[in-house]
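**Student:** Residue numbers (the numbering used here), protein chains in the order written: chain A, 14 to 139; chain B, 14 to 139.
Cβ coordinates follow ideal geometry from the N, Cα and C atoms, glycine included.
This structure is in structure tokens; I'll ask about it shortly.
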DNA sequence: ACTCTTTTTAGAACAATTCTAAAAGGAGGC
DNA sequence: GCCTCCTTTTAGAATTGTTCTAAAAAGAGT
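As structure tokens, this is what we get:
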């Protein structure tokens with residue numbers, strides 16, 4: 014494992030777990046100031062391919078990277094834009110079972126109000 | 014309802030049901046050659062707001078518009094890129110029930126091989 | 001040291017969508 | 001028939017996150 018790839022992985026692992034490429038870039042840049050965004054993308058793709066992390070595409074075009082590669086669902090906070098984990102049990106099995114088409118995989122993003130925003134919801138008039 | 018808006022809706026209604034903006038543009042342009050893509054987007058937004066159609070965002074950035082506004086799920090064919098309807102029963106209820114976060118709404122796209130591609134799958138070495 | 005492959009860089013390119021400001025169109029009142 | 005107001009349309013630029021390209025740099029193995 015190459016230095017900068019390791020740095021990208023380390024930044025992600027030491028984070029809350031769901032970062033966007035530009036945020037990872039910002040953080041890795043503190044250790045490697047001459048780092049470039051393309052390198053972050055290169056390494057994120059490589060790490061995703063190798064199964065170290067997971068790439069979560071959202072419909073808004075702002076993709077997230079997840080330090081936890083094992084399958085689980087996600088929810089996007091409509092207030093703060095943060096991506097959090099969501100527990101839906103073994104949804105994959107259920108989708109396979111119920112769907113009237115073969116399910117190779119799926120993209121699911123719930124829209125929610127995260128606990129942080131919910132507790133402070135008066136501030137933002139939700 | 015204004016002429017061009019009606020034309021956009023009519024093109025969508027007379028289609029298989031899941032078109033992308035540029036395809037709608039191409040089709041409407043046959044009747045209104047001076048039509049512009051921005052107008053298609055304007056009208057698609059208006060029609061979506063008014064509940065005539067549904068806007069389906071995909072993670073690939075290629076959004077679809079659905080002539081059927083009532084809730085149902087979708088599957089994207091990994092071979093031909095077509096979006097088809099998928100029946101999963103009342104998934105919304107299930108997600109609300111199972112999720113450990115409040116579910117305001119959700120984006121779900123299954124990945125599948127559509128019947129057309131499945132029947133001709135040898136041609137494309139799937 | 002030499003070669004081969006991988007990684008990194010810099011910056012351009014991309015693609016779908018959105019924005020902006022101006023022009024055109026249409027409806028209703030007078 | 002004209003005026004005013006509001007909506008729709010146009011043209012084209014801007015946006016945004018991501019991907020591509022070609023060249024430079026770095027590493028590994030011999």
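So the beta strand (DSSP E) residue 88 of chain B belongs to, where does it begin and stop?
**Tutor:** Walking along the second chain from the start, residue 88 of chain B turns up at place 75. Taken as a continuous stretch (DSSP letters only), the beta strand (DSSP E) holding residue 88 of chain B covers 86 to 90.
**Student:** Between residue 89 of chain B and residue 71 of chain B, which are expected to be in contact by the criterion C-beta below 8 angstroms, what is the C-beta distance as a whole number of angstroms?
**Tutor:** Reading the second chain from its first residue, position 76 is the one you call residue 89 of chain B. Reading the second chain from its first residue, position 58 is the one you call residue 71 of chain B. 6 angstroms between Cβ atoms; contact.
**Student:** What are the boundary residues of the alpha helix (DSSP H) that includes residue 131 of chain A?
**Tutor:** The residue given as residue 131 of chain A occupies position 118 in the first chain. Per DSSP, residue 131 of chain A belongs to the alpha helix (DSSP H) from 128 to 132.
**Student:** Within 10 angstroms of its Cβ, does residue 81 of chain A collect 16 or more other Cβ (buried), or is it exposed?
**Tutor:** Position 68 of the first chain, counting from 1, holds the residue named residue 81 of chain A. By the neighbour-count rule (16 or more Cβ atoms within 10 Å), residue 81 of chain A is not buried but exposed.
**Student:** Assuming residue 91 of chain B and residue 126 of chain B form a contact by the criterion Cβ under 8 angstroms, report the distance between their Cβ atoms to the nearest whole angstrom.
**Tutor:** The residue labelled residue 91 of chain B in the question sits at position 78 within the second chain. The residue labelled residue 126 of chain B in the question sits at position 113 within the second chain. The pair is a contact, with the Cβ atoms about 6 angstroms apart (cut-off 8 angstroms).
**Student:** For residue 98 of chain B, which of helix, strand or coil comes out of DSSP?
**Tutor:** Here the question's residue 98 of chain B lines up with position 85 in the second chain. In this structure, residue 98 of chain B counts as strand in the three-state DSSP scheme.
**Student:** Within its chain, find whatever has a CB closer than 8 angstroms to the CB of residue 34 of chain A; leave out the 5 residues flanking it on each side and keep chain order.
**Tutor:** Taking the first chain and counting its residues from 1, the one referred to as residue 34 of chain A is at position 21. 50, 53, 54, 57, 76 and 78.
**Student:** Can you pull the chain B residues whose beta carbon is under 7 angstroms from the beta carbon of residue 118 of chain A, in chain order?
**Tutor:** Mapped onto the first chain, residue 118 of chain A falls at position 105. Those within 7 angstroms of residue 118 of chain A in chain B are 124.
**Student:** Using 10 angstroms around the beta-carbon of residue 19 of chain B, count the other beta-carbons present and answer buried if the total reaches 16, otherwise exposed.
**Tutor:** Position 6 of the second chain, counted from the start, is the residue given in the question as residue 19 of chain B. Exposed is the call here.
**Student:** Skipping 5 residues on each side, what residues in its chain have a beta carbon closer than 8 angstroms to that of residue 30 of chain A?
**Tutor:** For the purposes of this step, residue 30 of chain A is identified with residue 17 of the first chain, where counting begins at 1. Cβ neighbours of residue 30 of chain A beyond the five flanking positions: 79, 80, 81 and 98.
**Student:** Under a Cβ-count criterion, where at least 16 other Cβ atoms within 10 Å of its own Cβ denotes burial, should residue 67 of chain B be classed as buried or exposed?
**Tutor:** Translated into the one-based positions of the second chain, residue 67 of chain B becomes position 54. Buried, since its Cβ has 16 or more Cβ neighbours within 10 Å.
**Student:** Report the residues of the region 91 to 121 of chain A with a CB closer than 8 angstroms to any CB of chain B, ordered along the chain.
**Tutor:** Within the region 91 to 121 of chain A, the qualifying residues are 91, 97, 99, 100, 101, 102, 104, 107, 108, 111, 112, 113, 114, 115, 116, 117, 118, 119, 120 and 121.
**Student:** Here's the rule I'm using: 16 or more other beta-carbon atoms within 10 Å means buried, otherwise exposed. How should residue 21 of chain B be labelled?
**Tutor:** In the second chain, residue 21 of chain B corresponds to position 8, counting from 1. Buried is the call here.
**Student:** How should residue 121 of chain A be labelled, buried or exposed, when 16 other C-beta atoms within 10 angstroms of its C-beta is the threshold for buried?
**Tutor:** Within the first chain, residue 121 of chain A is the residue found at index 108, counting from 1. By the neighbour-count rule (16 or more Cβ atoms within 10 Å), residue 121 of chain A is buried.
**Student:** For residue 69 of chain A, which residues does DSSP report across the bridge?
**Tutor:** Locating residue 69 of chain A in the first chain gives position 56, where the first residue counts as 1. Its beta-bridge partners are A:77.
**Student:** Taking the C-alpha atoms as reference points, what is the distance between residue 74 of chain B and residue 95 of chain B?
**Tutor:** Against the second chain, residue 74 of chain B aligns to sequence position 61. Against the second chain, residue 95 of chain B aligns to sequence position 82. Near 14 angstroms, if we compare the C-alpha coordinates of residue 95 of chain B and residue 74 of chain B.
**Student:** Do residue 123 of chain A and residue 118 of chain B have their CB atoms nearer than 9 angstroms?
**Tutor:** On the first chain, position 110 is the one that residue 123 of chain A refers to. On the second chain, position 105 is the one that residue 118 of chain B refers to. A contact, by the Cβ cut-off of 9 angstroms.
**Student:** Is there a Cβ from chain A that is less than 9 angstroms from the Cβ of residue 30 of chain B?
**Tutor:** By 1-based counting over the second chain, the position of residue 30 of chain B is 17. No - not a single Cβ of chain A is within 9 angstroms of the one on residue 30 of chain B.
**Student:** Going by Cα to Cα distance, which pick from A:102, A:110, A:114 and A:109 is closest to residue 113 of chain B?
**Tutor:** For the purposes of this step, residue 113 of chain B is taken as the residue at position 100 of the second chain. Minimum Cα distance to residue 113 of chain B is reached at A:102.
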